[in-house]
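Taking it in order: structure first as structure tokens, then the write-up.
2 protein chains.
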Amino acid sequence: MLREKLKNMTEKELTTEEKILLSASKVFTEKGFAGTRTRDIAEHAGINLALLNYYFRSKEKLFEQVMKAKIVLLFGQILPIITNEKTTLEEKIDLATEKYIDILSKNPNLPIFVISEIQKKNSELTSVLPIKKVFNNSSLIKQIKEKRPDLNPLHFLVTFLGMTIFPFVAKPVFRAFDIIQEDEFQYFINERKKLIPIWIKTFLETKI
Amino acid sequence: MLREKLKNMTEKELTTEEKILLSASKVFTEKGFAGTRTRDIAEHAGINLALLNYYFRSKEKLFEQVMKAKIVLLFGQILPIITNEKTTLEEKIDLATEKYIDILSKNPNLPIFVISEIQKKNSELTSVLPIKKVFNNSSLIKQIKEKRPDLNPLHFLVTFLGMTIFPFVAKPVFRAFDIIQEDEFQYFINERKKLIPIWIKTFLETKI
DNA sequence: GTCTATAGGCCGATAGAC
DNA sequence: GTCTATCGGCCTATAGAC
Chain A
565 MLREKLKNMT
575 EKELTTEEKI
585 LLSASKVFTE
595 KGFAGTRTRD
605 IAEHAGINLA
615 LLNYYFRSKE
625 KLFEQVMKAK
635 IVLLFGQILP
645 IITNEKTTLE
655 EKIDLATEKY
665 IDILSKNPNL
675 PIFVISEIQK
685 KNSELTSVLP
695 IKKVFNNSSL
705 IKQIKEKRPD
715 LNPLHFLVTF
725 LGMTIFPFVA
735 KPVFRAFDII
745 QEDEFQYFIN
755 ERKKLIPIWI
765 KTFLETKI
Chain B
565 MLREKLKNMT
575 EKELTTEEKI
585 LLSASKVFTE
595 KGFAGTRTRD
605 IAEHAGINLA
615 LLNYYFRSKE
625 KLFEQVMKAK
635 IVLLFGQILP
645 IITNEKTTLE
655 EKIDLATEKY
665 IDILSKNPNL
675 PIFVISEIQK
685 KNSELTSVLP
695 IKKVFNNSSL
705 IKQIKEKRPD
715 LNPLHFLVTF
725 LGMTIFPFVA
735 KPVFRAFDII
745 QEDEFQYFIN
755 ERKKLIPIWI
765 KTFLETKI
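Chains A and B, in that order, are what the protein sequence lines are.
In terms of the working numbering, the first sequence opens at residue 565 and continues consecutively.
In terms of the working numbering, the second sequence opens at residue 565 and continues consecutively.
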């Protein structure tokens, strides 16, 4: 019956390795590394526990593959937008908002997963993606600095990410306290698609 | 040697129960429920494992006590500010920013802990704190609605919390990618103490 | 109240048949 | 490649001495 879930998710045939990776992705994201049992992943994939170790050697190695994929999902699609030299700052804000909200709507607990696992392991990740260099040399940061040389550009970045990502991060808490319903949430998020670019542009103009 | 840590933390004498609670608070917050071993808590508290169960019956029950305290820490001090009928909206924004940044500076991974554990257990918490009722009837929400009847007041609340809490949530990721140093962080956060109230007030004025 | 020692169960990993 | 069966270790919880 658990294998049915996966079958329904993806009609086309998957290799065993892909089935395990998809299941691992789901279970790790929901329960975290420590809270996940390899047996659960195997069961969800509709295969045997031994087979999981045959393909991935260990829980740890399987987790690393999942984590790398999640980090790429969280940052990979945004990088081309912020490094594009041909778009204006305003266009980047519009595109990044749209793109991020789409990614997160499809992967609502991606940020919590990545953040809390990174915090627990405090691992070095500069090798996975050289984000620092890309950021500092990015067209986006240059454009922000040009517009607002008086402030650390990280303030704008953090505020943008906070406005965009934080609703998804805080969602479980809002749900637990019954502050928002599941069906209201997506409507709320779609409203923010319009609000966030307006707000960000507003405070790029707001001299302190 | 581990017991030394706790001794240094708090010079005055603590009861065994308090020692266990303090240690549990620390270890659970760092590693989460599933990643924590009761042995670690006992060792950190400088007591024996059996004693932990003597006082708290089980890992689960100990965790629940810690979690309740964390939720009170995260929301308890903010509630008096937002329900105060005598302050203006602007004063509330100033006070809440100041208070929240102080709490989070002292408890940087409080939000990640609460959020990720709530997500994993998706538990009912309306009994711990009746936040929904308090929010909806709060002076803050009334004042926002009065000023901006055109928008769901949750947008302002989420944006405020995102600007304030998100830097602490994202910090482990920024550290892992070497985007910010530990000593820069507190300076960055202090800059935000001034920026956030200005920005929030600006949004409240920005008609869409 | 606090300890030592251990029961008892769970979980990751592997041996070995097919 | 895929399975069943099982090992060996770890971790929570408790029994029982002091």
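Note that the Cβ used here is the ideal one computed from N, Cα and C, for glycine as well.
Is it right to say Glu681 (chain A) is buried, meaning 16 or more other beta carbons lie within 10 angstroms of its own, or is it exposed? Position 117 of the first sequence holds residue 681 (chain A). With 16 or more other Cβ atoms from the protein chains shown falling within 10 Å of its own Cβ, Glu681 (chain A) counts as buried.
Is the CB of Met727 (chain A) under 7 Å away from at least one CB in chain B? Counted from its first residue, the first sequence places residue 727 (chain A) at position 163. Judged by the 7 Å Cβ criterion, Met727 (chain A) is in contact with chain B.
Contact criterion: CB-CB distance below 7 Å. Does Leu643 (chain A) meet it with respect to chain B? Position 79 of the first sequence holds residue 643 (chain A). No, Leu643 (chain A) does not count as interfacial toward chain B.
For Thr690 (chain A), the three-state DSSP class (helix, strand or coil): Residue 690 (chain A) sits at position 126 when you count from the first residue of the first sequence. Residue state, collapsed to three classes: coil.
What is the DSSP secondary structure of Asn754 (chain A), counted as helix, strand or coil? On the first sequence, position 190 is the one that residue 754 (chain A) refers to. Three-state result, Asn754 (chain A): helix.
Cβ of Ser680 (chain A) within 7 Å of any chain B Cβ: For the purposes of this step, residue 680 (chain A) is taken as residue 116 along the first sequence, with counting starting at 1. Yes - at least one Cβ of chain B is within 7 Å of the one on Ser680 (chain A).
Quick check: is the beta carbon of Leu689 (chain A) nearer than 7 Å to any beta carbon in chain B? As a working note, residue 689 (chain A) is residue 125 in the first sequence. It does: the Cβ of Leu689 (chain A) has a partner Cβ on chain B nearer than 7 Å.
Return the chain-ordered ranges of every alpha helix (DSSP H) run that is complete within the segment 618 to 694 of chain B and spans a minimum of 4 residues. Segments of the alpha helix (DSSP H) lying fully in the segment 618 to 694 of chain B: 623 to 639, 643 to 647, 653 to 670 and 674 to 685.
Other residues of its chain near Leu615 (chain A): CB distance less than 8 Å, five sequence neighbours each side excluded: To locate residue 615 (chain A), count along the first sequence from 1; it is residue 51. These residues qualify, in order along the chain: Thr580, Ile584 and Ala606.
Quick check on Lys771 (chain A): does DSSP put it in helix, strand or coil? On the first sequence, position 207 is the one that residue 771 (chain A) refers to. Three-state result, Lys771 (chain A): coil.
For Ile729 (chain B) versus Pro675 (chain B), is the C-beta distance shorter than 7 Å? The count along the second sequence starts at 1 and reaches residue 729 (chain B) at position 165. The count along the second sequence starts at 1 and reaches residue 675 (chain B) at position 111. A contact, by the Cβ cut-off of 7 Å.
Contact under 7 Å by Cβ, Phe773 (chain B) with Phe597 (chain B): The requested residue 773 (chain B) does not occur in the structure, where chain B is confined to residues 565 to 772.
For Ile743 (chain A), which three-state DSSP category applies? Position 179 of the first sequence, counted from the first residue, corresponds to residue 743 (chain A). Assigned with DSSP and collapsed to three states, Ile743 (chain A) falls in coil, not helix or strand.
Do Ile743 (chain A) and Lys696 (chain B) have their beta-carbon atoms positioned less than 7 Å apart in this structure? Residue mapping note: residue 696 (chain B) aligns to position 132 of the second sequence, counting from 1. Residue mapping note: residue 743 (chain A) aligns to position 179 of the first sequence, counting from 1. Contact annotation: Lys696 (chain B) and Ile743 (chain A) have beta-carbon atoms nearer than 7 Å.
Under 7 Å from the C-beta of Val733 (chain B): neighbouring residues of chain A: The residue you call residue 733 (chain B) lines up with position 169 of the second sequence. Within chain A, the residues whose beta carbon sits less than 7 Å from that of Val733 (chain B) are Ile679 and Val733, listed in sequence order.
Got a sec? Which residues, its chain only, sit under 7 Å from Asn612 (chain B) by beta carbon, not counting five neighbours each side? Here the question's residue 612 (chain B) lines up with position 48 in the second sequence. Excluding sequence neighbours, Asn612 (chain B) sits near Ala606.
Return the chain-ordered list of same chain residues with a C-beta closer than 6 Å to the C-beta of Asp658 (chain A), the five sequence neighbours on each side being excluded. Your numbering for residue 658 (chain A) matches position 94 in the first sequence. Pro761.
Note down, in chain order, every chain A residue with its Cβ under 9 Å from the Cβ of Ile665 (chain B). In the second sequence, residue 665 (chain B) corresponds to position 101, counting from 1. Chain A residues near Ile665 (chain B): none, gap ~13 Å exceeds 9 Å.
Sub-7 Å separation of Asp702 (chain A) and Thr647 (chain A) beta-carbons: To locate residue 702 (chain A), count along the first sequence from 1; it is residue 138. To locate residue 647 (chain A), count along the first sequence from 1; it is residue 83. The question names Asp, but residue 702 (chain A) in the sequence shown is Ser. Result yes, Cβ atoms of Ser702 (chain A) and Thr647 (chain A) sit closer than 7 Å.
Starting from the C-beta of Leu653 (chain B), find all residues in its chain whose C-beta is less than 8 Å away, skip the five residues before and the five after it, and write them out in chain order. For the purposes of this step, residue 653 (chain B) is identified with residue 89 of the second sequence, where counting begins at 1. Correct list, in chain order: Leu704, Gln707, Ile708, Lys711 and Leu768.
N-terminal and C-terminal residue of the alpha helix (DSSP H) that Ile584 (chain B) is part of: Here residue 584 (chain B) corresponds to residue number 20 of the second sequence, with the count starting at 1. Secondary structure note for Ile584 (chain B): its alpha helix (DSSP H) is the uninterrupted segment Thr580 to Gly599.
Let me know the secondary structure DSSP gives Glu575 (chain B) once reduced to three states. Within the second sequence, numbered from 1, the residue matching residue 575 (chain B) stands at position 11. Caution is warranted here: a pLDDT of 44 is assigned to Glu575 (chain B), below 50, making its placement in the model unreliable, and the coordinate value is therefore given only provisionally. In this structure, DSSP gives Glu575 (chain B) a state outside helix and strand, which the three-state scheme calls coil.
Under 9 Å, CB to CB, which of the residues in the segment 589 to 611 of chain B have a partner in chain A? Along the segment 589 to 611 of chain B, going in chain order, the ones with a CB nearer than 9 Å to a CB of chain A are Glu594, Lys595, Gly596, Phe597, Ala598, Gly599 and Thr600.
Val678 (chain B) versus Pro694 (chain B): straight-line alpha-carbon distance, rounded: Translated into positions along the second sequence, residue 678 (chain B) becomes position 114. Translated into positions along the second sequence, residue 694 (chain B) becomes position 130. Taking the CA atoms as reference points, Val678 (chain B) sits about 17 Å from Pro694 (chain B).
By Cβ distance below 7 Å, which residues in the same chain neighbour Leu643 (chain A) in space, the five residues on each side in sequence not counted? Position 79 of the first sequence, counted from the start, is the residue given in the question as residue 643 (chain A). The residues Val698, in chain order, have a CB closer than 7 Å to that of Leu643 (chain A) in the same chain once the five nearest residues on each side in sequence are set aside.
In angstroms with no decimal places, state the Cα-to-Cα distance between Met565 (chain A) and Phe749 (chain B). Walking along the first sequence from the start, residue 565 (chain A) turns up at place 1. Walking along the second sequence from the start, residue 749 (chain B) turns up at place 185. Confidence is the limiting factor: at Met565 (chain A) the pLDDT is only 42, short of 50, which leaves the residue's position unreliable, though a coordinate-based value still follows. About 49 Å.
Report yes or no: do the segment 715 to 732 of chain A and the segment 719 to 729 of chain B share at least 3 C-beta pairs separated by less than 8 Å? Counting C-beta pairs closer than 8 Å gives three or more between the segment 715 to 732 of chain A and the segment 719 to 729 of chain B, which meets the contact rule.
Return the first residue and the last residue of the alpha helix (DSSP H) that Arg603 (chain A) is part of. Here the question's residue 603 (chain A) lines up with position 39 in the first sequence. Per DSSP, Arg603 (chain A) is one residue of the alpha helix (DSSP H) stretching across Thr602 to Ala609.
Using a Cβ-Cβ distance under 7 Å, would Met565 (chain A) count as near chain B? For the purposes of this step, residue 565 (chain A) is identified with residue 1 of the first sequence, where counting begins at 1. For Met565 (chain A), the pLDDT reaches just 42, beneath the cut-off of 50, and the residue's location in the model is therefore unreliable, leaving the point undetermined.
What did DSSP end up calling Ser702 (chain A) once you bin it into helix, strand or coil? In the first sequence, counting from the first residue as 1, residue 702 (chain A) sits at position 138. It is coil, neither helix nor strand.
Taking 7 Å as the limit between beta carbons, can you name the residues of its chain near Lys623 (chain A), skipping five residues before and five after? Here residue 623 (chain A) corresponds to residue number 59 of the first sequence, with the count starting at 1. Closer than 7 Å at the Cβ level, and outside the excluded window around Lys623 (chain A), lie Thr602.
Whole-angstrom distance between Arg739 (chain A) and Phe752 (chain A), CA atom to CA atom: On the first sequence, residue 752 (chain A) is found 188 positions in, with the first residue counted as 1. On the first sequence, residue 739 (chain A) is found 175 positions in, with the first residue counted as 1. Rounded to whole angstroms, the separation of the alpha carbons of Arg739 (chain A) and Phe752 (chain A) is 14 Å.
Decide if Ile667 (chain B) is buried, meaning its Cβ has at least 16 other Cβ atoms within 10 Å, or exposed. Taking the first residue of the second sequence as position 1, residue 667 (chain B) is located at position 103. Around the Cβ of Ile667 (chain B), a 10 Å sphere holds 16 or more other Cβ atoms; the residue is buried.
Who are the neighbours of Glu755 (chain A) on chain B, taking C-beta pairs under 9 Å? The sequence position of residue 755 (chain A) within the first sequence is 191, counting from 1. Within chain B, the residues whose beta carbon sits less than 9 Å from that of Glu755 (chain A) are Leu715, Asn716 and His719, listed in sequence order.
Just to check my reading of the structure: Ile635 (chain A) and Lys663 (chain A) have Cβ atoms closer than 8 Å, yes? What is that Cβ distance to the nearest angstrom? By one-based count along the first sequence, residue 635 (chain A) stands at place 71. By one-based count along the first sequence, residue 663 (chain A) stands at place 99. With 8 Å as the limit, Ile635 (chain A) and Lys663 (chain A) do not qualify as a contact, their Cβ atoms being about 16 Å apart.
If you measure between the beta carbons of Phe732 (chain A) and Pro672 (chain A), is that distance less than 7 Å? Here residue 732 (chain A) refers to the residue found at position 168 of the first sequence. Here residue 672 (chain A) refers to the residue found at position 108 of the first sequence. A distance below 7 Å separates the beta carbons of Phe732 (chain A) and Pro672 (chain A).
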